[in-house]
Amino acid sequence: MLKTRIVSALCVSLLLAASGAEIDLSGYLPPAAGDRGGSLVRNAGFEQGAAGWENIDGTECSTGSYGINQTGGLHYRRPAPGGYRQVSQQIRIVPGRRYRFGAMVRTRGVTGEGAGICIEGYDDKYAGGGYVHNRTGDTDWQLLTGEFTAKPDRPDANYKITLYLRKNATGEAWFDDVFVNEIAPRLRADISYPTHHTLNPGGDVELFTLYEGEDGDGHFQLVEVEQNGGKLGQWKFPANLRNLKFRPDKLENGSFTIICRRIDPAGKRILAEAQIPMTFSPAPALPANAATIDADRRLIVGGKPYMPLGLYTQQVTRRDLELIAASPFNCIMPYKSPVLKLEDSKLTGDDAVAEALDLCDKLGIKVLFSLKDLFNEGDDAVVTRLVERFRNHPALLSWYICDEAAVDRIPEVAARRRLVNRLDPFHPTWSVFYQWPDFHHYVPCQDVFGNDPYPINFRDDSHIEGTDASTRAAEALNMPLWSVPQIHHTGFYNFGGTKWQENPVPYFSTQRAPNEEEMNTICLLEAMRGAKGFVMYSYFDLHWGPDKLQFERRWPIVCRVAERLKKLEPYLLSAEAAPEVKTEAVKGKIYARAFRAADGSTRVLVCQVSSGEGEAKLTVGDGETGYLSENGRTVEVSPGVYRFFGKNTTFDILRKE
Numbered sequence: 019m020l021k022t023r024i025v026s027a028l029c030v031s032l033l034l035a036a037s038g039a040e041i042d043l044s045g046y047l048p049p050a051a052g053d054r055g056g057s058l059v060r061n062a063g064f065e066q067g068a069a070g071w072e073n074i075d076g077t078e079c080s081t082g083s084y085g086i087n088q089t090g091g092l093h094y095r096r097p098a099p100g101g102y103r104q105v106s107q108q109i110r111i112v113p114g115r116r117y118r119f120g121a122m123v124r125t126r127g128v129t130g131e132g133a134g135i136c137i138e139g140y141d142d143k144y145a146g147g148g149y150v151h152n153r154t155g156d157t158d159w160q161l162l163t164g165e166f167t168a169k170p171d172r173p174d175a176n177y178k179i180t181l182y183l184r185k186n187a188t189g190e191a192w193f194d195d196v197f198v199n200e201i202a203p204r205l206r207a208d209i210s211y212p213t214h215h216t217l218n219p220g221g222d223v224e225l226f227t228l229y230e231g232e233d234g235d236g237h238f239q240l241v242e243v244e245q246n247g248g249k250l251g252q253w254k255f256p257a258n259l260r261n262l263k264f265r266p267d268k269l270e271n272g273s274f275t276i277i278c279r280r281i282d283p284a285g286k287r288i289l290a291e292a293q294i295p296m297t298f299s300p301a302p303a304l305p306a307n308a309a310t311i312d313a314d315r316r317l318i319v320g321g322k323p324y325m326p327l328g329l330y331t332q333q334v335t336r337r338d339l340e341l342i343a344a345s346p347f348n349c350i351m352p353y354k355s356p357v358l359k360l361e362d363s364k365l366t367g368d369d370a371v372a373e374a375l376d377l378c379d380k381l382g383i384k385v386l387f388s389l390k391d392l393f394n395e396g397d398d399a400v401v402t403r404l405v406e407r408f409r410n411h412p413a414l415l416s417w418y419i420c421d422e423a424a425v426d427r428i429p430e431v432a433a434r435r436r437l438v439n440r441l442d443p444f445h446p447t448w449s450v451f452y453q454w455p456d457f458h459h460y461v462p463c464q465d466v467f468g469n470d471p472y473p474i475n476f477r478d479d480s481h482i483e484g485t486d487a488s489t490r491a492a493e494a495l496n497m498p499l500w501s502v503p504q505i506h507h508t509g510f511y512n513f514g515g516t517k518w519q520e521n522p523v524p525y526f527s528t529q530r531a532p533n534e535e536e537m538n539t540i541c542l543l544e545a546m547r548g549a550k551g552f553v554m555y556s557y558f559d560l561h562w563g564p565d566k567l568q569f570e571r572r573w574p575i576v577c578r579v580a581e582r583l584k585k586l587e588p589y590l591l592s593a594e595a596a597p598e599v600k601t602e603a604v605k606g607k608i609y610a611r612a613f614r615a616a617d618g619s620t621r622v623l624v625c626q627v628s629s630g631e632g633e634a635k636l637t638v639g640d641g642e643t644g645y646l647s648e649n650g651r652t653v654e655v656s657p658g659v660y661r662f663f664g665k666n667t668t669f670d671i672l673r674k675e
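The C-terminal position of the sequence shown is numbered 675 in our numbering, with every residue numbered one higher than the one before it.
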């Protein structure tokens with residue numbers, strides 16, 4: 019229920035710890051050496067086709083752009099019962115150690131015992147393994163994961179990770195991001211706020227922590243702050259609390275270190291620890307173009323809250339910018355930022371970029387400047403040049419530094435964030451990811467987190483449960499959040515393996531773009547889960563592909579979706595406390611959340627994310643009356659009690675002035 023989620027996510031997880039009696043760790047055993055390491059699976063996302071995998075025949079099982087967001091993936095298709103093809107890969111497993119394995123799986127029309135994943139070992143006979151609950155029917159991308167311990171007395175066993183449709187099952191299944199990881203004690207601790215790893219006087223430090231390892235009664239987390247060789251504070255938190263908040267004092271200007279530990283007091287052991295370097299400094303004078311993040315996770319521009327409402331673009335033209343300036347959108351994220359050039363420009367290089375930025379500023383369009391493709395050797399120098407040249411430009415809003423990078427690239431993305439933060443302390447970095455089961459790994463990669471679930475692909479798609487999962491995972495990080503709502507037709511990217519350039523029929527017959535109802539619901543669900551910025555993907559897709567009149571037909575619809583968000587800005591960016599909404603679903607998956615503006619008026623967002631009929635009972639606060647339904651899907655059935663009715667992906671907004 020939403021009430022429970024709000025309380026746990028926004029209240030309990032932001033518990034402000036108080037320093038109590040100091041805990042003496044002298045005599046405690048230090049953390050065990052070694053860490054979990056990376057995945058043991060080769061070609062885990064099928065980006066290299068069938069390389070490293072067995073039994074991919076190209077017919078029943080094939081690779082291509084079948085993955086999440088049209089990246090590499092495996093497609094398993096069995097239209098009729100018969101056969102039992104197992105796609106597998108041998109994995110090096112150490113006896114006696116514990117492992118976690120899994121994959122992202124999507125199904126359509128799967129019958130029988132379903133689609134699944136397992137890991138099994140054999141020497142001269144079966145040596146054990148691990149299995150997960152199979153998926154049947156129609157499901158969006160979901161993480162299937164399990165754990166197992168390799169038997170210590172079977173040193174000669176060989177293990178395989180296997181993807182399959184069970185015997186006699188029919189239908190289609192897609193697999194992506196397969197993994198097998200050794201589980202060893204590890205504590206992840208990263209700064210969720212403030213940005214730039216810089217603390218100002220009177221500010222709180224907020225951490226996101228995640229412990230992976232053995233659990234036990236009495237365990238707890240212990241946070242300490244050290245500076246210049248001295249300990250300045252100690253805070254104790256419950257073992258499984260992920261969002262920690264505390265306020266260091268007695269700090270001097272300069273660097274300091276946060277040390278977070280997992281403690282086993284009964285065994286007098288430090289199970290794991292993480293260290294985070296930070297800087298303490300007085301709040302600086304802000305330049306005129308500064309864009310900063312406040313403690314409520316809002317972007318502040320010109321001293322006022324600012325909601326990015328933008329579009330992904332490629333290169334820009336004067337006509338494009340004029341169209342966007344005349345729309346509800348206020349910013350763009352151009353992939354071609356380092357080489358922007360207006361079509362009639364006589365300038366070259368950075369001067370041409372500056373000219374394009376000047377026009378954006380003249381038209382009132384802010385720019386999320388993309389650096390995301392600059393990760394080759396020597397590109398640090400290019401990034402330094404670009405940031406130093408444009409960090410004072412009035413059109414600059416933020417730096418876009420990463421677009422859906424794999425987990426193994428986190429160190430280089432985190433390093434890029436540190437570089438850009440050091441060069442420009444007055445604009446945040448932003449990165450975007452689709453891999454929601456791994457979101458917790460990406461916290462060190464940016465100041466503002468971004469997620470981009472694209473749930474609508476086929477004509478019969480009728481739910482957005484993938485967006486539900488993604489937004490939940492993003493919200494759990496407690497970071498500033500700008501989401502990427504889907505407005506595009508994924509068929510342009512040959513999703514499903516059919517190239518529209520060769521055969522455009524499936525683009526029209528089996529695939530589709532999200533409709534207005536779905537785009538609104540996607541945006542509102544992201545807002546309910548904490549997004550305070552929305553950068554839609556994408557403007558350029560509206561111009562591309564075999565549907566030559568798509569822009570003419572769909573641009574007004576996209577603008578209406580943006581206009582709805584713009585009208586909600588005073589509510590989504592408000593720091594006012596809003597009443598809790600008790601949601602009791604009768605049918606389907608339905609969520610609701612209230613937002614209260616500074617003038618006291620309230621909006622309640624209601625979203626159905628599931629297929630089929632939906633119905634829910636809503637109670638706002640202690641039974642507030644008088645809310646009116648914008649879409650006519652919700653009625654007050656008794657004083658303070660409301661009934662929502664929906665079907666498939668849909669929404670409502672309740673208003674009270």
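Glycine residues also receive a C-beta, built at the ideal position from the N, C-alpha and C atoms.
Values in this document were obtained by computation on a predicted structure and should not be read as measured data.
* Report the rounded CA-to-CA distance for Ala303 versus Phe444, giving the unit in angstroms. => Spanning the two alpha carbons is a distance of roughly 10 Å.
* Member of Val357, Gly251, Ser416 and Gln626 whose CA lies at the smallest distance from the CA of Asp14 -> Nothing in the structure corresponds to residue 14, since the chain is present only between 19 and 675.
* To do: Count the other C-beta atoms from every protein chain shown that fall within 10 angstroms of the C-beta of Glu190, then say buried if there are 16 or more, exposed otherwise.
  => So Glu190 ends up on the buried side.
* Run the CB neighbour count on Pro219, radius 10 Å, all protein chains shown included, and call it buried at 16 or more, exposed below. => Counting the other Cβ atoms within 10 Å of the Cβ of Pro219 gives fewer than 16, which makes it exposed.
* Mind listing, in chain order, the continuous beta strand (DSSP E) runs of no fewer than 3 residues lying wholly within the segment 378-410? => Under the rule that a run must span 3 or more residues, the beta strand (DSSP E) segments found entirely inside the segment 378-410 read 384-388.
* Rounded to whole angstroms, what's the CA-CA distance from Arg103 to Arg95? Just pull it up for me. => Looking at the two C-alpha atoms, the distance is approximately 10 Å.
* In chain order, which continuous runs of the beta strand (DSSP E) of length 3 or greater are located wholly inside the segment 305-340? -> Within the segment 305-340, the complete beta strand (DSSP E) runs of at least 3 residues are 309-311, 317-319, 322-324 and 327-331.
* Asked: In angstroms, rounded to a whole number, what distance separates the CA positions of Ala423 and Gly644?
  -> In this model, Ala423 and Gly644 are separated by some 47 Å (Cα to Cα).
* Nearest to Arg337 (by Cα), restricted to the options Leu567, Gly468 and Leu377 -> Measuring C-alpha to C-alpha distances from Arg337 to each of Leu567, Gly468 and Leu377 identifies Leu377 as the nearest.
* Asked: Would you say Gly130 and Thr180 are within 8 Å of each other, going by their C-beta atoms?
  -> Taking 8 Å as the cut-off, the Cβ atoms of Gly130 and Thr180 do not count as close.
* Report back the beta-carbon spacing between Lys390 and Asp421 to the nearest angstrom; my notes put them in contact at under 8 Å. => Right, the Cβ-Cβ distance comes to about 5 Å (below 8 Å), so this counts as a contact.
* To do: Look at Glu65 and Arg118 and say whether their C-beta atoms are less than 8 Å apart.
  => No, Cβ-Cβ distance for Glu65 and Arg118 is not below 8 Å.
* Cβ-Cβ separation, His237 to Asp282 (assumed contact under 8 Å), whole Å -> Yes, Asp282 and His237 are in contact; Cβ-Cβ is about 6 Å, under 8 Å.
* Hey, how far is the Cα of Pro524 from the Cα of Ser501? -> Going by the C-alpha atoms only, they are around 29 Å apart.
* So, helix, strand or coil for Gly509, using DSSP? -> Helix, per DSSP.
* To do: Quick one: residues in its chain with C-beta nearer than 6 Å to the C-beta of Tyr660, no 5 flanking neighbours on either side, listed in chain order?
  => Here the set comprises Leu636, Thr652 and Glu654.
* Give the straight-line distance between the Cα atoms of Ala692 and Gly247, rounded to the nearest whole angstrom. => This structure does not reach residue 692, given that the chain is present from 19 up to 675, and the question cannot be answered.
* Provide the residue span of the alpha helix (DSSP H) that contains Ile111, from first to last. => Taken as a continuous stretch (DSSP letters only), Ile111 belongs to no alpha helix (DSSP H), as it is neither H nor E.
* Asked: Candidates Leu437, Asn186, His151 and Gly147: which alpha carbon is nearest Thr167's?
  -> When Leu437, Asn186, His151 and Gly147 are compared, the shortest CA-CA separation from Thr167 is found for Gly147.
* DSSP bridge partner residues for Tyr177 (one or two, in chain order) -> When DSSP reads this structure, Tyr177 sits in a beta bridge with Ile109 and Gly139.
* **Limits of the unbroken alpha helix (DSSP H) element including Asp537** => It is Met, not Asp, that sits at residue 537 in the sequence shown. Looking at the DSSP string, the run of the alpha helix (DSSP H) that includes Met537 is Glu534 to Met546.
* Buried versus exposed call for His214 [16 or more other C-beta atoms within 10 Å across all chains shown] -> Label assigned to His214: buried.
* Asked: What's the gap between the Cα of Glu270 and the Cα of Ser299?
  -> The straight-line gap from Cα to Cα measures roughly 8 Å.
* Asked: Where does Phe663 sit, in a helix, a strand or coil, going by DSSP?
  -> Correct three-state label for Phe663: strand.
* **Which of helix, strand or coil DSSP assigns to Trp562** => Three-state DSSP puts Trp562 in coil, outside helix and strand.
* DSSP beta-bridge partners for Asp282? -> Answer by DSSP bridge pairing, in chain order: Arg287.
* Asked: Relative to the alpha-carbon of Asn307, which residue among Glu224, Asp397, Leu415 and Lys254 has its alpha-carbon at the smallest distance?
  -> Considering only alpha carbons, the answer is Leu415.
* To do: Determine the direct distance from the alpha carbon of Pro412 to that of Arg126, and round the result to whole angstroms.
  => Taking the straight line joining both Cα atoms gives about 48 Å.
* To do: Please report how far the alpha carbon of Leu646 lies from the alpha carbon of Met554, in whole angstroms.
  => Cα-Cα distance, rounded: 29 Å.
* To do: Following the continuous alpha helix (DSSP H) through Leu441, name the residue where it begins and the one where it ends.
  => Here the alpha helix (DSSP H) through Leu441 covers Ile428 to Leu441.
* Within the same chain, show all residues whose beta-carbon is closer than 7 Å to that of Ala292, passing over the 5 residues directly before and after it, in chain order. => Closer than 7 Å at the Cβ level, and outside the excluded window around Ala292, lie Leu205, Arg206, Ala207 and Cys278.
* Asked: Among Ala580, Val624, Lys605 and Val576, which one has its Cα closest to the Cα of Glu598?
  -> For Glu598, the closest of Ala580, Val624, Lys605 and Val576 by C-alpha to C-alpha distance is Val624.
* To do: Within 10 angstroms of the Cβ of Asp53, are there 16 or more other Cβ atoms? Answer buried if so, exposed if not.
  => Since pLDDT at Asp53 reaches only 46, below the 50 mark, its modelled position is unreliable, and the value read off the structure follows with that caveat. With a 10 Å radius around the Cβ and a threshold of 16 neighbouring Cβ atoms, Asp53 comes out exposed.
* To do: Please work out which residues of its chain come closer than 8 Å, Cβ to Cβ, to Leu360, disregarding the five sequence neighbours upstream and downstream, and give them in chain order.
  => The residues Val334, Thr335, Arg336, Ala370, Glu373, Ala374 and Leu377, in chain order, have a CB closer than 8 Å to that of Leu360 in the same chain once the five nearest residues on each side in sequence are set aside.
* DSSP-derived helix/strand/coil call for His93 -> Note: His93 maps to strand in three-state DSSP.
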